[in-house]
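Engineer:
Number of protein chains: 2
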Amino acid sequence: MADATATSYQLLDGKKLADEIKSEIAAEVSGITAGGKRAPHLAAILVGNDGGSLTYVGHKVKACEQVGFKSTLLHFTDTSITEEFLLNEVKKLNEDPEIDGFIVQLPLPKHIDADKVLMAVDPAKDVDGFHPVNVGKTTLGLSSFVSATPLGITKILERYNIETSGKHCVVIGRSNIVGRPISILLNGTGKTGNATVTVCHSRTANLKEITLQADIIIAALGKPEFLTGDMVKEGVVIVDVGTSRVDDPTAKAGWRLKGDVNFAEVSKKASAITPVPGGVGPMTVVSLLLNTLKAYKQHA
Amino acid sequence: MADATATSYQLLDGKKLADEIKSEIAAEVSGITAGGKRAPHLAAILVGNDGGSLTYVGHKVKACEQVGFKSTLLHFTDTSITEEFLLNEVKKLNEDPEIDGFIVQLPLPKHIDADKVLMAVDPAKDVDGFHPVNVGKTTLGLSSFVSATPLGITKILERYNIETSGKHCVVIGRSNIVGRPISILLNGTGKTGNATVTVCHSRTANLKEITLQADIIIAALGKPEFLTGDMVKEGVVIVDVGTSRVDDPTAKAGWRLKGDVNFAEVSKKASAITPVPGGVGPMTVVSLLLNTLKAYKQHA
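Chains as they are written, first to last, in our numbering: chain A, 1 to 300; chain B, 1001 to 1300.
1. Is it right to say A/Thr5 is buried, meaning 16 or more other beta carbons lie within 10 angstroms of its own, or is it exposed?
2. As a quick exercise: from B/Val1239, B/Val1286, B/Lys1091, pick the residue whose alpha carbon is nearest that of B/Ile1172.
3. Quick check on B/Gly1051: buried or exposed, where buried means 16 or more other Cβ atoms within 10 Å of its Cβ?
4. Going by DSSP, what residue range makes up the alpha helix (DSSP H) through B/Val1047?
5. Checking contacts by CB at 8 Å: is A/Cys64 closer than that to chain B?
6. Return the Cβ separation of A/Val302 and A/Arg256 in integer angstroms, given the expectation that the two are a contact with Cβ distance under 8 Å.
7. Assuming B/Val1232 contacts B/Leu1212 under a Cβ cut-off of 8 Å, what Cβ separation, rounded to an integer in Å, is found between them?
8. Going along the chain, which residues of the region 158 to 173 of chain A sit with their C-beta nearer than 7 Å to a C-beta in chain B?
9. Based on the DSSP output, what are the partners of B/Gln1010 in its beta bridges?
10. Alpha carbon to alpha carbon, how far is A/Ala195 from A/Ala270? Give it in angstroms, no decimals.
11. Exposed or buried, which one is A/Ser267 when buried takes at least 16 other CB atoms within 10 Å?
12. Near A/Ala214, which residues of its chain fall below 8 Å by C-beta distance, leaving aside the five closest residues on each side in sequence?
13. Is the distance from the Cβ of B/Ile1301 to the Cβ of B/Pro1150 below 8 Å?
14. Going by DSSP, what residue range makes up the beta strand (DSSP E) through A/Leu73?
15. Short check: CB of B/Met1283 to CB of B/Lys1191, under 8 Å?
16. Taking three-plus beta-carbon pairs below 8 Å as touching, is the region 54 to 66 of chain A in contact with the region 78 to 86 of chain A?
17. So, does the CB of B/Val1146 fall closer than 8 Å to a CB anywhere in chain A?
18. For a contact meaning CB atoms closer than 9 Å, what does B/Lys1210 contact in chain A?
19. In whole angstroms, give me the CA-to-CA distance for A/Asn301 and B/Leu1227.
20. Determine, for B/Pro1132, whether the minimum Cβ-Cβ distance to residues of chain A falls below 8 Å.
21. Any idea what DSSP makes of A/Phe102, helix, strand or coil?
22. Given a cut-off of 8 Å on the beta-carbon distance, is the pair A/Ile45 and A/Leu74 in contact?
23. Contact check, A/Val146 vs A/Leu42 under 8 Å by CB: the rounded distance?
24. Could you tell me which of A/His201, A/Gly188, A/Asn187 sits nearest to B/Gly1193, measuring between CA atoms?
25. Using only CA atoms, which one of A/Ser244, A/Phe69, A/Thr82, A/Leu87 lies nearest to A/Leu290?
26. A/Leu288: buried (16+ other C-beta within 10 angstroms of its C-beta) or exposed?
27. From A/Asn94, A/Ala27, A/Ala148, pick the residue whose C-alpha is nearest to that of A/Val178; which is it?
28. By alpha-carbon positions, which one of B/Gly1229, B/Lys1252, B/Ala1251 ends up nearest to B/Glu1265?
29. Report yes if the CB atom of A/Arg159 is closer than 8 Å to the CB atom of A/Leu17, and no otherwise.
30. Rounded to a whole number of angstroms, what is the C-alpha to C-alpha distance between B/Met1001 and B/Lys1223?
31. Any beta carbon of chain B sitting closer than 8 Å to that of A/Ala205?
32. Does the distance from the C-beta atom of B/Thr1009 to that of B/Ala1272 stay below 8 Å?
33. Helix, strand or coil: which one does DSSP assign to A/Arg203?
34. Just checking: is the beta-carbon of A/Val241 within a distance shorter than 8 Å of some beta-carbon in chain B?
35. Can you list, in chain order, the stretches of the alpha helix (DSSP H) that have 4 or more residues and sit fully within the region 1182 to 1245 of chain B?
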């Protein structure tokens, strides 16, 4: 008989939660359109034919369809388009009253200044939450568009009733799109806030000493199976943001997604843990939908 | 004979450092004006007659004079001025090519929405660094105006060669004007960055356990002499941001400034420590001058 404590963790099922939230959004959109109003409308700009980018944008378009949003994909296959041309496309989307929000899929070709393009997006339509105004408002605790991954993490914590107030959260990684914003949110005064937050990164001297103190760990450093069982305490809550592709000849694609957490080891001590895949990933697309719905309501 | 270890700390003398930096700025301004160009120009908007605000603005105007900046004080003694009127004054300063930067001294009368006024300041002239665009850029690690107190703290660490990389910094307090931004800067990739940073606050459960681990403590919670000797480890670096007025019948003013740190106790264990007064305080005014000089250079 298996050791009961070894499998007593709660799986933080991002796939299931994402489906639930999509159903809620779909119901709300049905109500909106039944009342005679137009549906929310998300646009995406994609330049080139990067396989990853095509896949990501495809997921986003499909998710729009699932919830009844209108979506528009501006796909410029010619990677030699100028920055000026792209800035003009952004301007047109900014000015189009039928577009509630839009994203510019990264990466952009190297001759285009991505920061400049992202800065050109109207903050009121910046559903990716990458514009400094939205980052600044998030930092200041004001209403803003929070970018997809950190927003998705807060939704997981919220919906699974993970208490953050007064807890010690350790965030591993300090990227602008995950580590930094989630640390600010956990440390803020919002619903999934009021935690004591430590941000660790590649320069951290005594990482294990710190992770061993954590009540909640957000692993977002991008190193497959980095966080091992000996680095966490009993009862810890784990959110695994890693999505590294590792070679796997037995998989159909020749690779599999691996998180930053050694699931087999860490799940034995965790009270709750996200899987990879099926954890944070599905929640990021849903977060984009939530932001688009928010933008729609602000325009309406 | 006194115990030698009891007085072996380095005093992080903000007053002395502020004077040094002011001399450097004055020399630079002399060079600028000697070359026939106009001097940098800082403006301040002050509404009402709050004693504290008058004092602070007075310090800023005086500091401008000391370094050769031009300064303009728009003092509206009538607290019944409308928000619209004030927004129009902000607009005029935004549009005035002779003004490099300006501040709106807080607090404003209650009938005026301070957030709205601060949002109206051109980010390129926002030398207080309060506009969400500047907060966002700071958070993203982009060039920005960092607000005065956190900028002053980084200057103290930098000029006194306090190593932050790989160190564990504990920030007590999560305010938008001190705790939050300094934690972001210490955790960033800049000169005084690359630290492992823990942000503690009123909801932190085990504060002493955390402060005992700190290599550097930024105390910014606003409770006089909160941090005591038993809460810190030997060799810690202390930056005391507290400036509480406490009654003192023996003082001429009837009160004295007290920091958040029990200096007598903590200095016995610290390797370096800021005094109050004469530590962070004088550096905040200098930071405003540094930001104004930066704005001037960006305009020129």
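All residues carry an ideal CB built from backbone N, CA and C; glycine is no exception.
Structural biologist: So, to answer that:
1. Mapped onto the first sequence, residue 5 of chain A falls at position 5. Below a pLDDT of 50, predicted positions are generally treated as unreliable, and A/Thr5, at 49, falls in that range; no measurement from the model is reported.
2. As a working note, residue 1172 of chain B is residue 172 in the second sequence. The option with the nearest alpha carbon to B/Ile1172 is B/Val1239.
3. Counted from its first residue, the second sequence places residue 1051 of chain B at position 51. By the 10 Å Cβ count, B/Gly1051 comes out exposed.
4. Numbered from 1 along the second sequence, position 47 holds the residue referred to as residue 1047 of chain B. Not the alpha helix (DSSP H): B/Val1047 falls in the beta strand (DSSP E), residues 1041 to 1047.
5. Mapped onto the first sequence, residue 64 of chain A falls at position 64. With a threshold of 8 Å between beta carbons, A/Cys64 makes no contact with chain B.
6. The shown model of chain A, from 1 to 300, leaves out residue 302 of chain A, and the question about it has no answer.
7. Here residue 1232 of chain B is taken as the residue at index 232 of the second sequence, counted from 1. Here residue 1212 of chain B is taken as the residue at index 212 of the second sequence, counted from 1. Indeed, because the Cβ distance is near 7 Å, the residues count as touching under 8 Å.
8. Those residues of the region 158 to 173 of chain A that come within reach of chain B (Cβ to Cβ, closer than 7 Å) are Ser165, Gly166.
9. Looking up residue 1010 of chain B in the second sequence gives position 10. Looking at the DSSP assignment, B/Gln1010 forms a beta bridge with B/Ala1272.
10. As a working mapping, residue 270 of chain A is identified with position 270 in the first sequence. As a working mapping, residue 195 of chain A is identified with position 195 in the first sequence. Pairing A/Ala270 with A/Ala195, the inter-Cα distance amounts to about 18 Å.
11. Walking along the first sequence from the start, residue 267 of chain A turns up at place 267. Under this definition A/Ser267 is a buried residue.
12. Numbered from its first residue, the first sequence carries residue 214 of chain A at position 214. Counting only Cβ-Cβ distances below 8 Å, and skipping sequence neighbours, we find His168, Cys169, Val170, Thr198, Val232, Lys233, Val236.
13. Missing from the structure shown is residue 1301 of chain B; chain B here goes from 1001 to 1300 and no further.
14. As a first step, residue 73 of chain A must be located in the first sequence, where it is residue number 73. In the DSSP annotation of this structure, the continuous segment of the beta strand (DSSP E) that includes A/Leu73 starts and ends at 70 to 76.
15. Within the second sequence, numbered from 1, the residue matching residue 1283 of chain B stands at position 283. Within the second sequence, numbered from 1, the residue matching residue 1191 of chain B stands at position 191. Not a contact, by the Cβ cut-off of 8 Å.
16. no
17. Locating residue 1146 of chain B in the second sequence gives position 146, where the first residue counts as 1. No, its Cβ sits nowhere closer than 8 Å to a Cβ of chain A.
18. Residue 1210 of chain B sits at position 210 when you count from the first residue of the second sequence. Residue identity check: residue 1210 of chain B is Ile in the sequence provided, not Lys. Residues of chain A passing the Cβ test: His168, Thr196, Thr198, Gln213.
19. There is no way to answer for residue 301 of chain A, as the model of chain A reaches only from 1 to 300.
20. Taking the second sequence and counting its residues from 1, one reaches residue 1132 of chain B at position 132. It does; some Cβ of chain A falls within 8 Å.
21. Numbered from 1 along the first sequence, position 102 holds the residue referred to as residue 102 of chain A. In the structure shown, A/Phe102 sits in a strand (DSSP, three-state: E or B).
22. Locating residue 45 of chain A in the first sequence gives position 45, where the first residue counts as 1. Locating residue 74 of chain A in the first sequence gives position 74, where the first residue counts as 1. In this structure, A/Leu74 lies closer than 8 Å to A/Ile45 by Cβ.
23. Counting from 1 along the first sequence, the entry for residue 146 of chain A is found at position 146. Counting from 1 along the first sequence, the entry for residue 42 of chain A is found at position 42. Actually they are not in contact, since the Cβ atoms of A/Val146 and A/Leu42 sit about 16 Å apart, beyond 8 Å.
24. Here residue 1193 of chain B corresponds to residue number 193 of the second sequence, with the count starting at 1. The residue with the shortest Cα to Cα distance from B/Gly1193 is A/His201.
25. Working through the first sequence from its first residue, we reach residue 290 of chain A at position 290. Selected option, being the one with the closest Cα: A/Phe69.
26. As a working note, residue 288 of chain A is residue 288 in the first sequence. So A/Leu288 ends up on the buried side.
27. The residue labelled residue 178 of chain A in the question sits at position 178 within the first sequence. Nearest option by C-alpha distance: A/Ala148.
28. Position 265 of the second sequence, counted from the first residue, corresponds to residue 1265 of chain B. Closest option to B/Glu1265, Cα to Cα, is B/Gly1229.
29. On the first sequence, position 159 is the one that residue 159 of chain A refers to. On the first sequence, position 17 is the one that residue 17 of chain A refers to. Yes, the pair counts as a contact, with Cβ atoms nearer than the cut-off.
30. Here residue 1001 of chain B is taken as the residue at index 1 of the second sequence, counted from 1. Here residue 1223 of chain B is taken as the residue at index 223 of the second sequence, counted from 1. Here the model assigns B/Met1001 a pLDDT of 44, short of 50, so the residue's position is not dependable, and the following value carries that caveat. Spanning the two alpha carbons is a distance of roughly 34 Å.
31. Looking up residue 205 of chain A in the first sequence gives position 205. It does: the Cβ of A/Ala205 has a partner Cβ on chain B nearer than 8 Å.
32. By 1-based counting over the second sequence, the position of residue 1009 of chain B is 9. By 1-based counting over the second sequence, the position of residue 1272 of chain B is 272. The sequence as given places Tyr at residue 1009 of chain B; Thr does not occur at that position. Cβ distance < 8 Å, so B/Tyr1009 and B/Ala1272 count as in contact.
33. The sequence position of residue 203 of chain A within the first sequence is 203, counting from 1. A/Arg203 falls in the coil class under three-state DSSP.
34. One-based indexing of the first sequence puts residue 241 of chain A at position 241. No, its Cβ sits nowhere closer than 8 Å to a Cβ of chain B.
35. If we require 4 residues or more, the alpha helix (DSSP H) runs fully inside the region 1182 to 1245 of chain B come out as 1207 to 1211.
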